[in-house]
Amino acid sequence: MKYLAVTGGTVSGLGKGITISSIGVVLKSLGLRVTSIKIDPYLNCDAGTMSPFEHGEVFVLNDGGEGDLDLGNYERFLGITLTRDHNITTGKVYTHVLEKERRGDYLGKTVQVVPHVTDAIQDWIERVAQIGV
Numbered sequence: 001m002k003y004l005a006v007t008g009g010t011v012s013g014l015g016k017g018i019t020i021s022s023i024g025v026v027l028k029s030l031g032l033r034v035t036s037i038k039i040d041p042y043l044n045c046d047a048g049t050m051s052p053f054e055h056g057e058v059f060v061l062n063d064g065g066e067g068d069l070d071l072g073n074y075e076r077f078l079g080i081t082l083t084r085d086h087n088i089t090t091g092k093v094y095t096h097v098l099e100k101e102r103r104g105d106y107l108g109k110t111v112q113v114v115p116h117v118t119d120a121i122q123d124w125i126e127r128v129a130q131i132g133v
C-alpha cells in the first residue's frame, strides 16, 4: 500500500481538496485503487456543529457522518462512497484513545500522546485505507 499526503497548514481555501481529488483521478486512470482520508486538527468530533461561516458548509456522507465539503469533492471526482471514518479529527482520535483507556485496554499504563495517540492515528489511517469504496 502506498500513501500520498498533501498538507497545507492552517490556511483554508487554497484548493487542497480539489488538488487531492484531481491527483486521485489521475492515479485512478492509471489503474490504481484510490481512496481519500481527510484529517483535520480540530477537537470537534466532526463538522456537524461547527459554524459554516468559520468552517464552510457540512457535507453529509451516506452513513450519516458529517464532514468537510472536501469529502464531497473526493466522492464526486473519484466516483467513490466514503464513510464517517474517512474523516479523522483530533476530537475523534482523543475520544477513541480515552474510551480504550477507560476499558483498561492499556493495562494500567500512563496514556500519552506518544505512543498512544500517534499509534491510534496510524492504525486509523491503515484501517480506513482498507475499506472498500
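Number 23 in the UniProt record's numbering belongs to position 23 of the sequence shown; there are no gaps in the numbering. We put the beta carbon where it would ideally sit given N, CA and C, even for glycine.
Non-local beta-carbon contacts of M50 in its own chain, meaning distances under 7 Å to residues more than five positions away in sequence, involve N44 in chain order. Put simply, the backbone Cα of T19 is about 16 Å away from that of G79. Taking C-beta atoms as the reference points, G67 and F77 fail to come closer than 8 Å. If you draw a straight line from the Cα of T7 to the Cα of V133, it is about 23 Å long.
Restricting attention to beta strand (DSSP E) runs no shorter than 3 residues, the stretch 52-129 encloses them at 58-60, 66-68 and 87-89, ordered along the chain. DSSP, read as helix, strand or coil, puts K38 in strand. Contact between S36 and L82 holds, with the beta-carbon distance rounding to 7 Å and staying under 8 Å. With respect to Y42, T95 sits apart: the two C-beta atoms are not nearer than 8 Å.
V93 is not a Cβ neighbour of A129, given a cutoff of 8 Å. A Cβ-Cβ separation of about 11 Å leaves G56 out of contact with L71 under the 8 Å criterion.
When only Cα atoms are considered, G17 and I39 end up about 11 Å apart.
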